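In what follows, a single structure is set out as structure tokens and then discussed.
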Amino acid sequence: MTSTVVGPVLEARLRTILDELGPYPHARVELARVSERPTPATPTAPDPARPADAPPDQRKKGRLLKVSCPACGYPARVTRVWLTKVGPPICPCNSQPMVITDQSPVAKAFKEESEPT
Ligand SMILES: [Zn+2]
Numbered sequence: 001m002t003s004t005v006v007g008p009v010l011e012a013r014l015r016t017i018l019d020e021l022g023p024y025p026h027a028r029v030e031l032a033r034v035s036e037r038p039t040p041a042t043p044t045a046p047d048p049a050r051p052a053d054a055p056p057d058q059r060k061k062g063r064l065l066k067v068s069c070p071a072c073g074y075p076a077r078v079t080r081v082w083l084t085k086v087g088p089p090i091c092p093c094n095s096q097p098m099v100i101t102d103q104s105p106v107a108k109a110f111k112e113e114s115e116p117t
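Using full-length UniProt numbering, the letters of the sequence shown correspond one by one to residues 1 to 117.
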């Protein structure tokens with residue numbers, strides 16, 4: 001059995017409850033099957049807000065840069081804004097600043113622009 005049908009007793013009882021409750025205080029809710037729902041834009045669709053020459057995987061890797069302690073390897077993730085504003089997190093093992101160990105192009109570019117020349 002994959003479905004059940006309401007019997008006359010239950011139907012009468014539900015009608016009584018519906019009459020008591022009155023009209024649903026909201027617009028009609030349309031329940032569409034999953035296959036009938038409009039599909040969201042595919043991830044490969046070009047985003048008009050992005051420059052055409054932007055690296056394709058830059059957004060998917062996230063905004064957090066991986067940093068870690070050179071002494072013990074304690075990993076953490078931090079935004080470029082906080083790295084610039086305040087500096088890298090301090091490791092609990094030795095109270096020394098962590099270093100950027102992220103290998104992404106974004107992290108490499110950040111390291112290059114933040115290193116004194
Ligand atoms: Zn450490």
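C-beta: ideal position from N, C-alpha, C; glycine also.
A quick note: this is a predicted structure, and the numbers were derived from the prediction, not measured.
Spatial neighbours of residue i within its chain, please: CB distance less than 6 Å, with the 5 preceding and 5 following residues excluded, ordered by chain position.
i           : result
residue 11  : none
residue 111 : 100
residue 113 : none
In this structure, does DSSP put residue i in helix, strand or coil?
i           : result
residue 114 : helix
residue 63  : coil
residue 105 : helix
residue 140 : Missing from the structure shown is residue 140; the chain here goes from 1 to 117 and no further.
residue 8   : helix
Excluding the 5 residues flanking residue i on each side, which residues of the same chain have their C-beta closer than 8 Å to its C-beta?
i          : result
residue 23 : none
residue 68 : 74, 75, 76, 98, 99, 101
With a threshold of 7 Å, establish whether the CB of residue i neighbours any heavy atom of ligand 3.
i          : result
residue 76 : Absence of ligand 3 from the depicted structure is noted, with ligand 1 being the only ligands included.
Based on DSSP bridge pairs, tell me the residues matched to residue i.
i           : result
residue 99  : 68
residue 151 : Residue 151 lies beyond the residue range present for the chain, which begins at 1 and ends at 117; the question has no answer from this structure.
Report all residues from its chain with a CB closer than 7 Å to the CB of residue i; omit the five preceding and five following residues, and keep chain order.
i          : result
residue 72 : 91, 93
residue 64 : 77, 78, 79
residue 89 : 67, 76, 78, 98
Pull every residue with its beta-carbon under 5 Å away from any heavy atom of ligand 1, and keep them in chain order. That query returns the following residues: 69, 71, 72, 74, 91, 93.
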